[in-house]
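K.L.:
Take this structure first; my questions come after.
Structure representation (structure tokens):
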């Protein structure tokens, strides 16, 4: 039976069937899609704010306006008013508002790697700037088109 064990872009991970970590599976999938680090970052951040998660989960949807393409994933991931801590569920995290103590966001390991890995964080910081929304949208669209055309040998470039 051919069934995927993970798709980090959709925040799906079948722990019982996967032999690698979600972050390793993300890098592997991005490599299979021939994506660069900035393309992978833009694509994942865009899919999160659009709410394109497996099973409609809220994990990684760091925005108040799901379904709208924006750089909110990166802005809210790196916002110092949010404190990230482990949740009760393995591999899950909660973003806690430092002032109120309320849970603002839920995240997976894959979501938080964009704040902890130095190379991914550098790209995330670039997209988190206040005036970077249009550049992010352009990069997301370019990455999306690249993935959608990856197996289309009938198209001329």
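Numbering (this note's numbering), first residue to last: 149 to 305. The C-beta atom is built at its ideal place from N, Cα and C for all residues, glycine as well.
Residue ranges of each beta strand (DSSP E) run of no fewer than 3 residues wholly in the segment 172-248, ordered along the chain?
P.N.:
You should have 230-234, 240-245.
K.L.:
What are the start and end residues of the alpha helix (DSSP H) that includes residue 275?
P.N.:
Looking at the DSSP string, the run of the alpha helix (DSSP H) that includes residue 275 is 266-276.
K.L.:
Run the CB neighbour count on residue 215, radius 10 Å, all protein chains shown included, and call it buried at 16 or more, exposed below.
P.N.:
Exposed, by the Cβ-count rule.
K.L.:
Given a cut-off of 8 Å, decide if residue 259 and residue 207 are closer than it, judged by their beta-carbon atoms.
P.N.:
Their beta carbons are under 8 Å apart, which means residue 207 touches residue 259 by this criterion.
K.L.:
State the beta-bridge partners of residue 251 as determined by DSSP.
P.N.:
Per DSSP, 244.
K.L.:
Could you please give me the residues that DSSP links to residue 302 through a beta bridge?
P.N.:
Bridge partners of residue 302: none, in fact.
K.L.:
Give the DSSP-derived three-state secondary structure of residue 156 in the structure shown.
P.N.:
Looking at residue 156 - three-state DSSP - the assignment turns out to be helix.
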